Amino acid sequence: MKINTNLSSLIVQSSLKTSTNGLNMAIERMTTGFKINHAKDNAANYSINTKLSSKLSSYYVAQDNASMGLDMMTSAMDNLDLISSHLSRMRDLAEQAANGTYGEDSLKAIQAEINARLEECSRIIENSEYNGRSEEHTSELQSPMYL
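With this note's numbering, letter number 120 in the sequence shown gets 177, and the count goes up by one each step, no holes.
Below, the structure is given as structure tokens:
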């Protein structure tokens, strides 16, 4: 009985397998951009990497929450500016009506504009919402009578 083996071929095959595994690992690191992709690469650093990745993802969520809060405040501020401009014009009209030089028809026209602006302010308050949410308001606007 005779066993034929090619020892040189076995050595080359073993070296090729080792080289192929090393090449595959290098390609994986290049494509992902990370030095550590698996726990087998470096268990301690992989654990640290996982913890840092978890913290980073929670920071991204916190950043999104802060951004949404800022958007909500911007919406509220825009509505407040609009209401403020209406109230300012209503104050101007009240001062204009109080000077005593207008007739009854003019005063009625001033009161009609005040009432229209007041209704617009109420509409803004009623319809203001952000992301489907609106806060309840506790008071209703009353029309001041200047006549």
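For each residue, glycine too, the CB sits at the ideal point set by N, CA and C. Quick caveat: nothing in here was measured; it's all calculated off a predicted structure.
Counting only residues of its own chain and dropping the five nearest sequence neighbours on each side, Arg146 has a CB closer than 7 Å to the CB of Arg174. Beta bridge pairing from DSSP links Tyr187 with Arg190. Counting only unbroken stretches of 4 or more residues, the alpha helix (DSSP H) elements lying wholly within the segment 127-194 are 161-184, in sequence order. By the neighbour-count criterion, in which a residue is buried when 16 or more other Cβ atoms sit within 10 angstroms of its Cβ, Ile167 is buried. In this structure Ile181 is in contact with Leu139, their Cβ atoms being roughly 6 Å apart against a cut-off of 8 Å.
Cys178 and Asp135 have their C-alpha atoms some 13 Å from each other. Ala154 sits close to Leu164, with the two beta carbons spaced by under 8 Å.
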